[in-house]
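Peer 1: Mind the numbering: the sequence shown is residues 30 to 444 in my numbering, read in order.
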Amino acid sequence: MTASLAKRAYSLVSLPASADPIAGRLLASRGMRAFADGLVSLSLPIYLASIGFDLFEVGVLTTATLAGSAILTLAVGMLSHHFSQRRMLLSAAMLMTLTGLAFFLVKDFWPLVIVAFVGTLNPSSGDVSVFLPLEHARLAHSVSDRDRTAMFARYSLVGSLFGALGALAAGLPELLQIVMGLSVGQALQPVFLLYAAVGLASFLLYRRVPRERADVQPSPPQPLHKSRTLVLTLAALFSIDAFAGGLIVQSLLAIWLYHRFGLSLAATGAIFFWSGVLSAASYLIAVRLSNRIGLVNTMVFTHLPSSLCLLLIPFVPDLSTTIVLFLIRSALSQMDVPTRTSYVMAIVTPGERAAAASVTSVPRSLAAASSPLLAGWLMSVSSFGWPLVAAAALKILYDILLLFMFRKHRPPEER
Numbered sequence: 030m031t032a033s034l035a036k037r038a039y040s041l042v043s044l045p046a047s048a049d050p051i052a053g054r055l056l057a058s059r060g061m062r063a064f065a066d067g068l069v070s071l072s073l074p075i076y077l078a079s080i081g082f083d084l085f086e087v088g089v090l091t092t093a094t095l096a097g098s099a100i101l102t103l104a105v106g107m108l109s110h111h112f113s114q115r116r117m118l119l120s121a122a123m124l125m126t127l128t129g130l131a132f133f134l135v136k137d138f139w140p141l142v143i144v145a146f147v148g149t150l151n152p153s154s155g156d157v158s159v160f161l162p163l164e165h166a167r168l169a170h171s172v173s174d175r176d177r178t179a180m181f182a183r184y185s186l187v188g189s190l191f192g193a194l195g196a197l198a199a200g201l202p203e204l205l206q207i208v209m210g211l212s213v214g215q216a217l218q219p220v221f222l223l224y225a226a227v228g229l230a231s232f233l234l235y236r237r238v239p240r241e242r243a244d245v246q247p248s249p250p251q252p253l254h255k256s257r258t259l260v261l262t263l264a265a266l267f268s269i270d271a272f273a274g275g276l277i278v279q280s281l282l283a284i285w286l287y288h289r290f291g292l293s294l295a296a297t298g299a300i301f302f303w304s305g306v307l308s309a310a311s312y313l314i315a316v317r318l319s320n321r322i323g324l325v326n327t328m329v330f331t332h333l334p335s336s337l338c339l340l341l342i343p344f345v346p347d348l349s350t351t352i353v354l355f356l357i358r359s360a361l362s363q364m365d366v367p368t369r370t371s372y373v374m375a376i377v378t379p380g381e382r383a384a385a386a387s388v389t390s391v392p393r394s395l396a397a398a399s400s401p402l403l404a405g406w407l408m409s410v411s412s413f414g415w416p417l418v419a420a421a422a423l424k425i426l427y428d429i430l431l432l433f434m435f436r437k438h439r440p441p442e443e444r
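Here it is in structure tokens:
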């Protein structure tokens, strides 16, 4: 019995049978970046507050970060059929290193806005960066259609688990304050050096990824053609969800909890750690669920109840109930991530995958970039949690539209 359970657990976390070795390297890079993102997403708002920035300015920096990511991702989509994915991944890794060094060295507001715009800093533990369309396109080619959703579930699983560990590690700077007598800003500054080091480590990993070959990439990258209408419609829907998500990015949720309940960075990190663990477990459940009820149904019927939990949080006066609702939401809200990615890769031709990943990512990033500024302003005038209410309402609208518009567009494995 024990051996059977162990074998089953191993099958859930190991790479799918059809995966090639490239997938393992991409997942390793994803894990390192997720750890850095989880750490930075909680440390960044507290660090910015410690050097004199107010909530509105934190919102401006978050907006600049996401807007820059959107433009970089758009550039990837436009250039994906001119340059190799390997070369662009290497360039993105070096940009990550430079971003970390710049945030370590610079403390003035406008220079930091510029760095946030052109760099890769991620105010959320999720991967909303330029790496996403490049790795998604390469991963889709690394497995069979049957294993595609399982591969993206593992990609998301790695991201959530290591993002959760990064959030937990956000409590370490407080220990530095106590042991070494540092100020908040001094204790948090080394976080950006670690971020730069992760960029360098990713660069070294990507160097081991071979150039695209005919047997790895059956069709050369090309602009959208046959799937253009479907992809653009999905991109419009995803942008609604992303705008809502931008109102509640992890950095802003952390500072809202800090102001409303007086939570320390260590306590906030512990909450986001368990949130990440629950999200990670949900990815594996999403694979089995999608095999039973389909990708679109999985996306919608797990997302709706999570949005209802989000809607209730601002109306709850005590911290314990807030945490319970937040964790229930975490267990449900991310099941649409691997299924959404798999669905986009499934309904386009192989040659369109890089372009489709970019075209669906760019509107998401642009929409997400426009909302943190609004969320920062709303939080500065009221501690109630209006950004959470608005986010929940928009996410419910997105779920309903997605179900009615795409329930009949099935991927190959569901036909």
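We put the beta carbon where it would ideally sit given N, CA and C, even for glycine.
Under a three-way DSSP split, which group does D174 fall into?
Peer 2: Of the three classes helix, strand and coil, the one that applies to D174 here is helix, per DSSP.
Peer 1: Looking at the secondary structure, which residues open and close the alpha helix (DSSP H) in which D66 lies?
Peer 2: Its alpha helix (DSSP H) spans residues P50 to S79.
Peer 1: How should T350 be labelled, buried or exposed, when 16 other C-beta atoms within 10 angstroms of its C-beta is the threshold for buried?
Peer 2: Flag for T350 reads exposed.
Peer 1: Thinking C-beta only, is T102 closer than 7 Å to P152?
Peer 2: Cβ distance not < 7 Å, so P152 and T102 don't count as in contact.
Peer 1: Which whole runs of the alpha helix (DSSP H) in the segment 281-347 are 4 residues long or more, in chain order?
Peer 2: Segments of the alpha helix (DSSP H) lying fully in the segment 281-347: 294-322 and 324-341.
Peer 1: May I ask which residues mark the beginning and end of the alpha helix (DSSP H) holding V144?
Peer 2: F138 to V147 is the span of the alpha helix (DSSP H), which, as asked, contains V144.
Peer 1: Near S173, which residues of its chain fall below 7 Å by C-beta distance, leaving aside the five closest residues on each side in sequence?
Peer 2: Excluding sequence neighbours, S173 sits near S47.
Peer 1: Taking just the CA atoms, how far does A57 sit from P247?
Peer 2: A caution first: P247 carries a pLDDT of 49, below 50, which makes its placement in the model too unreliable to give a value.
Peer 1: If we call anything under 7 Å between Cβ atoms a contact, is F301 one with A196?
Peer 2: In contact: F301 and A196 (Cβ atoms closer than 7 Å).
Peer 1: Could you pull out every residue in the same chain whose Cβ sits closer than 8 Å to the Cβ of S79, ignoring the five residues on either side in sequence?
Peer 2: Taken in chain order, the residues that qualify are S212, V213, G214 and L217.
Peer 1: Among the candidates L282, P392, D270 and W406, whose CA atom is the shortest distance from the CA of L84?
Peer 2: Comparing Cα-Cα distances from L84 to each of L282, P392, D270 and W406, the minimum goes to W406.
Peer 1: Output the distance between the C-alpha atoms of F267 and K136, rounded to the nearest integer angstrom.
Peer 2: Approximately 34 Å, taken between the alpha carbons.
Peer 1: Give the secondary structure of A46 by DSSP, where H, G and I count as helix, E and B as strand, and everything else as coil.
Peer 2: A46: coil per DSSP, three-state reduction.
Peer 1: What number of angstroms, rounded off, separates the C-alpha of F290 from the C-alpha of L282?
Peer 2: Cα to Cα, the separation comes out at about 12 Å.
Peer 1: Rounded to the nearest angstrom, what separates F181 and M209 at their Cα positions?
Peer 2: Approximately 42 Å between the Cα atoms of the pair.
Peer 1: If you follow the alpha helix (DSSP H) that F82 is in, where does it begin and where does it stop?
Peer 2: Here F82 belongs to no alpha helix (DSSP H), and DSSP marks it neither H nor E.
Peer 1: Just the Cα atoms here: how many angstroms apart are L127 and A225?
Peer 2: Those two C-alpha atoms are separated by around 7 Å.
Peer 1: Taking the alpha carbon of L431 as the point to measure from, which residue in D66, A264, S70 and V105 has its own alpha carbon closest?
Peer 2: With distances taken between Cα atoms, L431 lies closest to A264.
Peer 1: Where V144 and V159 are concerned, what is the direct C-alpha to C-alpha distance, given to the nearest angstrom?
Peer 2: Roughly 15 Å between the two C-alpha positions.
Peer 1: Inspect the beta-carbon positions of G60 and F221 and report whether they are closer than 7 Å.
Peer 2: No; because the gap between Cβ atoms is not below 7 Å, this pair is not in contact.
Peer 1: For S256 and V373, I'd like the C-alpha separation in whole angstroms.
Peer 2: Those two C-alpha atoms are separated by around 10 Å.
Peer 1: Could you please give the first and the last residue of the uninterrupted alpha helix (DSSP H) stretch that includes K424?
Peer 2: Unbroken alpha helix (DSSP H) run through K424: W415 to F435.
Peer 1: Does the pairing of the segment 406-425 with the segment 332-343 give three or more beta-carbon distances under 8 Å?
Peer 2: As far as the Cβ criterion goes, the segment 406-425 touches the segment 332-343, which means the pair count is three or higher.
Peer 1: Compute the Euclidean distance between the alpha carbons of L348 and I357, then round it to the nearest angstrom.
Peer 2: Between L348 and I357, the C-alpha separation is close to 14 Å.
Peer 1: Quick one: Cα of A99 to Cα of A63, how far?
Peer 2: Those two C-alpha atoms are separated by around 18 Å.
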